[in-house]
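Enquirer:
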Amino acid sequence: MSRILLVEDDRHLLRALSVNLRARHYQVDTAATAAAALAAAAKHPPDLVILDLGLPDMDGLEVVGGLRGWCTAPIVVLSARDQQADKVTALDAGADDYVTKPFGMDELLARVRAALRHATPAIGDPTIRTDAFTVDLAAKKVTSAAGRDIRLTPTEWHILEILVRNAGKLVDQRRLLQEVWGPSYRTETNYLRVYLAQLRRELEPDPARPRHLITEPGLGYRFEP
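Sequential numbering of the sequence shown, starting at 1, is according to full-length UniProt numbering.
See the structure below:
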């Protein structure tokens, strides 16, 4: 049974979400403030977090930052903020998905299922080695050539995993966007530019001249071992 931390200060929405999640056999912890959310996560580490950004004691982005210091569970943001800049900011902070209020319950539940699927370790996945870093797909872990752990956000990992699983092949922009953020984000190519730049800074010996994370202008991206 997956454990979900639900963070929402609207008590009616909190109750509706709790009922729907428990009806689908999720274990649900709830919090109405940022402080309560961080305390709950520390006490019972969640498998997934559903997080409202408009909390009474601090901005939800601060909760994302606090969780990302130690927690790798997917974070699905709920927010009435519908501007592209708000979405980019939340995703850059470490959120894995962004759902705009008002939303359909079926869509949210589908996103929860997808996020949990992506977070589930695969069995028997290979380890891919390059001259600069090693990607262990089963352990969801990246290490440098010197053996140092390279810490990636869940979104960075998801992009890298898709590219590594398709080594040597072009992965088009629309496919990456859909698999990482969902079908409504298939035109948000700026997301990919931001995250690929971050991955290159983390992984490439010379980010300005990448050898492993290659851009095919106007088409997509390719991983070369």
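Glycine residues also receive a C-beta, built at the ideal position from the N, C-alpha and C atoms. Owing to the predicted nature of the structure, the values given are computational and were not obtained by experimental measurement.
For the beta strand (DSSP E) containing G220, name the first residue and the last one.
Expert: Element bounds for G220: G220 to F223.
Enquirer: Let me know the secondary structure DSSP gives E188 once reduced to three states.
Expert: Looking at E188 - three-state DSSP - the assignment turns out to be coil, as it is neither helix nor strand.
Enquirer: Tell me the rounded alpha-carbon separation between E224 and A42.
Expert: If I take the Cα positions, the gap works out to 39 Å.
Enquirer: Using the Cβ count rule (16 or more neighbours within 10 Å means buried), how would you classify Q84?
Expert: Burial call: exposed.
Enquirer: Is it buried or exposed, A31, if we count other Cβ atoms within 10 angstroms and call 16 or more buried?
Expert: A31 comes out buried.
Enquirer: Beta-carbon within less than 6 Å of A16's beta-carbon, same chain only, minus the 5 sequence neighbours each way: which residues are those?
Expert: Excluding residues within five positions, none has a Cβ falling inside 6 Å.
Enquirer: Are the Cβ atoms of V142 and L152 separated by less than 8 Å?
Expert: Cβ atoms of V142 and L152: closer than 8 Å.
Enquirer: For a minimum of 3 consecutive residues, which ranges assigned as the beta strand (DSSP E) are wholly contained in the stretch 100–167?
Expert: For the stretch 100–167, whole beta strand (DSSP E) runs of length 3 or above, ordered along the chain, are 127–129, 133–136 and 141–144.
Enquirer: Taking the continuous alpha helix (DSSP H) assigned at R18, which residues delimit it?
Expert: The sequence given here has Ser at residue 18, not Arg. First-last of the alpha helix (DSSP H) with S18: R11 to A23.
Enquirer: Just reading off the beta strand (DSSP E) that Q83 is part of, what are its end residues?
Expert: Careful: Q83 lies outside any beta strand (DSSP E) and carries neither H nor E.
Enquirer: Can you name the start and end residues of the beta strand (DSSP E) that A37 belongs to?
Expert: Note, A37: premise wrong, no beta strand (DSSP E); alpha helix (DSSP H) at A34 to K43.
Enquirer: What's the C-alpha gap between T127 and F133?
Expert: Their Cα atoms are separated by approximately 11 Å.
Enquirer: Going by DSSP, what residue range makes up the alpha helix (DSSP H) through R68?
Expert: Start and end: G60 to R68.
Enquirer: Rounded to the nearest angstrom, what separates T130 and A197 at their Cα positions?
Expert: Those two C-alpha atoms are separated by around 18 Å.
Enquirer: Opposite A31 in the DSSP bridges: which residues?
Expert: According to DSSP, A31 bridges with V7.
Enquirer: Can you list, in chain order, the residues of its chain whose CB lies under 7 Å from that of Y195, leaving out five sequence neighbours each side?
Expert: Answer for Y195: T155, E156 and I159, listed in chain order.
Enquirer: Report back the beta-carbon spacing between V76 and A90 to the nearest angstrom; my notes put them in contact at under 8 Å.
Expert: Contact doesn't hold; Cβ gap of about 10 Å is too wide.
Enquirer: Buried or exposed: W181, going by 16 or more other Cβ atoms within 10 Å of its Cβ?
Expert: It counts as buried.
Enquirer: Would you call G94 buried or exposed, if buried means 16 or more other Cβ atoms sit within 10 Å of its Cβ?
Expert: Result: buried.
Enquirer: Whole angstroms are fine: how far does the CA of M1 sit from the CA of A110?
Expert: About 16 Å.
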